[in-house]
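Working notes, beginning with the structure itself.
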Amino acid sequence: MKLSFMKDVPLKVPYTEANAVGQIVSRLSLMIDELSAGRPIVIVCVGTDRSTGDSLGPLIGTTLSKYQSPHFSLYGTLEEPVHAMNLEDTLHQINRTYHKPFVIGIDACLGQVASIGSIQLGTGPVRPGAGVNKELPPVGDIHITGIVNVGGFMEYFVLQNTRLHLVMKMADIIASSVFSSIMNSIHVSARSREQAAALEHPHSN
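If you use UniProt numbering, the sequence shown corresponds to residues 1 to 205, in order.
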């Protein structure tokens, strides 16, 4: 199934679903294969560790940093969060450092009561601060968001009073899904190169 048919249909999976990771990996691998086209992969995890609900991004960043993978670059951890105060500078730095980076934007968001605990994945950027009426630059060629609590009123208070258990569970699922998807994509492109080389030099063995 080609991405062109799915572009306008974001994936939305409750973190409690048994195959949540499988669903996210399947879609995200496809998006990376189709859209990144050899560009350096940069992951930007937006949020702050000063608010439970808003710590989803930095928790994911910290988990991903433990892999120490050479296949992607990472911004936004608990130690060095990317938040409202430094987001613009961080994006400028990324664009100066990498040639046409393929950016995956990750952030917490607020939504309807029935959607709390859902992980969303789609094309286009994440818009940090939209839930709390802040004007911040959009982040990412594609985005992953986790709905951590209900939106529509007293957003700061709601983010502060979000269950850490929920945020950590969602962070684990998103981090392992992102890492698996990037590794899948690396293996697929390596296989494609090998097949292309074999076609060019069929008698080299």
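By construction, the Cβ of each residue, glycine as well, lies at the ideal position given by its N, Cα and C atoms.
Short Cβ contact (7 Å threshold) for Leu136 with Ala171: Between Leu136 and Ala171, the gap from beta carbon to beta carbon reaches 7 Å or more.
Residues near Leu64 in its chain [Cβ-Cβ closer than 6 Å; skip 5 each side]: Leu74 and Ala175
Sequence-distant residues of its chain with Cβ nearer than 8 Å to Val150 (five each side left out): Leu110, Gly111, Gln112, Val113, Ile116 and Val158
Segment limits, alpha helix (DSSP H) that includes Ile60: Unbroken alpha helix (DSSP H) run through Ile60: Leu56 to Ser65.
Val13 to Glu200 span [Cα, whole Å]: 42 Å
Reduced DSSP category for Ile116 - H, G, I as helix; E, B as strand; rest coil: coil
Whether Leu121 touches Arg27 by CB criterion (7 Å): yes
CB contact check: Ile116 to chain B, cutoff 7 Å: In the displayed structure, chain B is absent; only one protein chain is listed.
Proximity of Gly140 and Ile104 at Cβ, strictly below 7 Å: yes
Presumed contact (8 Å Cβ cut-off) between Ala108 and Leu56, rounded CB distance: 4 Å
Ser29, buried or exposed, once every other Cβ within 10 Å from all chains shown has been counted against 16: buried
Which residues DSSP lists as bridging Val139, in chain order: Val126
Cβ-Cβ distance between Val82 and Val46 below 7 Å: Going by beta carbons, Val82 and Val46 fall inside the 7 Å limit.
Buried versus exposed, by CB contacts within 10 Å (16 or more), Phe179: buried
Lys169 versus Asn95, Phe153, Ile119 and Asn161, residue with shortest Cα-Cα distance: Ile119
Assigned exposure category for Gly61 - 16 Cβ within 10 Å defines buried: buried
With 16 other Cβ atoms within 10 Å as the buried cut-off, status of Asn205: Bear in mind that a pLDDT of 48 at Asn205, under 50, signals an unreliable position, so the model cannot answer this.
Limits of the alpha helix (DSSP H) - the one that Gly22 falls within: Segment Ala20 to Leu35, the alpha helix (DSSP H) holding Gly22.
Alpha carbon of Phe153 to alpha carbon of Leu78, nearest angstrom: Distance between the alpha carbons of Phe153 and Leu78: 27 Å.
Whole-Å CB distance - Ile173 paired with Ala20, under 8 Å assumed: Right, the Cβ-Cβ distance comes to about 6 Å (below 8 Å), so this counts as a contact.
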